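Taking it in order: structure first as structure tokens, then the write-up.
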Amino acid sequence: MIKRESKHRILILGVSGFLGSAIYKELFPYFRTSGTYNTSNKTLEKNRQFFHYNYEEDDIYEILDIVKPTIIISALRGDFSKQVMLHRHLAEYLLLENTKLIFLSSANVFDAYSKYPSYEQDKTLSNSIYGHFKIKIENMLLRLPKEKVAIVRLPMVFGPHAPPRLTEILQLIDLNEPIEVFPNLVMNITSDNKLTQQIHYIINRNKSGVFHLGSNDLVHHDDFIKEIIETLHLEHKAKYKQVFTTNDERYLAVLPKFNKLPKHLQLVSQDILSELKK
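The UniProt record's numbering puts the first residue of the sequence shown at 1, with every later residue one more than the last.
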């Protein structure tokens, strides 16, 4: 049994979601790790480390008072305006306590810039409601003392543990429905496995600032989806619907330039395909 380190008490907001649960599995053996969930779940209800919490109605301070986290990881989904309000409360808490927040953001904070990939210090600008919402929270957190916050910007997440995107592809194939692919979309990607290891490293090394946790290489959306399907040996069953949002290549990629992680924590798109083969 790995001995848990006592230096951190970690609270994952959204532990029942795909990324929240993957992060919990990675950190639980090493740290005292708690989480919040919203949807009723018998397994979670039995575990006293998990707290039922509806951020649209409940007060987070009660849970913060019980857990006294040194690190909060925000992996929530749902109502955007209510999430903004919650993060405003968290920002106030961070200023008063010896606590740091790791916020899972998105490549969509750059979705207005379509002509090139984006790096950590580039100015954010979005055309989407989702991107706007992430930018709003990022800007609020960036006003806090630097050591209090790590903003983790993620591209599309794939991987072997049934992430929503992979599940959707498999469901569409089962239903004999076409899979939407975007031939002009140039992106980078990541896997749940690598992401959780990267977050573990950020915690262990007490890193802060902005991190772009995507693959070092770029792929076309349609090519990569087809490669996934070939890796799963389902190409004879798959149908595709090509969606052209523009005649030019459009980039949605977050590449690291300043906050690079060690080599063993970096990845390329081929690594994700190799994980799927296992």
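Just so you know, even glycine gets a beta-carbon here, dropped at the ideal spot from N, CA and C. Owing to the predicted nature of the structure, the values given are computational and were not obtained by experimental measurement.
Item	Value
Spatial distance of Q242 from H220 (CA atoms)	12 Å
Within 8 Å, strictly: CB atoms of residue 285 and Y55	The chain is shown only over 1 to 278; residue 285 falls outside these bounds and no answer can be derived.
Residue from N206, S191, F224, I189 with nearest C-alpha to V181	F224
D222 beta carbon less than 8 Å from that of P183	yes
D192 beta carbon less than 8 Å from that of L19	yes
Per DSSP, the bridge partner or partners of P242	Per the sequence shown, residue 242 should be read as Gln rather than Pro. DSSP lists V181 as partners of Q242.
Where H221 falls: helix, strand or coil (DSSP)	helix
Where M1 falls: helix, strand or coil (DSSP)	Since pLDDT at M1 reaches only 43, below the 50 mark, its modelled position is unreliable, and the value read off the structure follows with that caveat. Looking at M1 - three-state DSSP - the assignment turns out to be coil, as it is neither helix nor strand.
I12 - DSSP class collapsed to helix/strand/coil	strand
Residues bridged to R250 (per DSSP)	L185
Integer Cβ distance of L73 from I173, believed to fall under 8 Å	What sits at residue 73 in the sequence shown is Ile, not Leu. Rounded, the Cβ-Cβ distance is 33 Å, inconsistent with contact.
Straight-line Cα distance separating L218 from H8	35 Å
Proximity of L255 and H212 at Cβ, strictly below 8 Å	yes
Collapsed DSSP secondary structure at R143 in the structure displayed	coil
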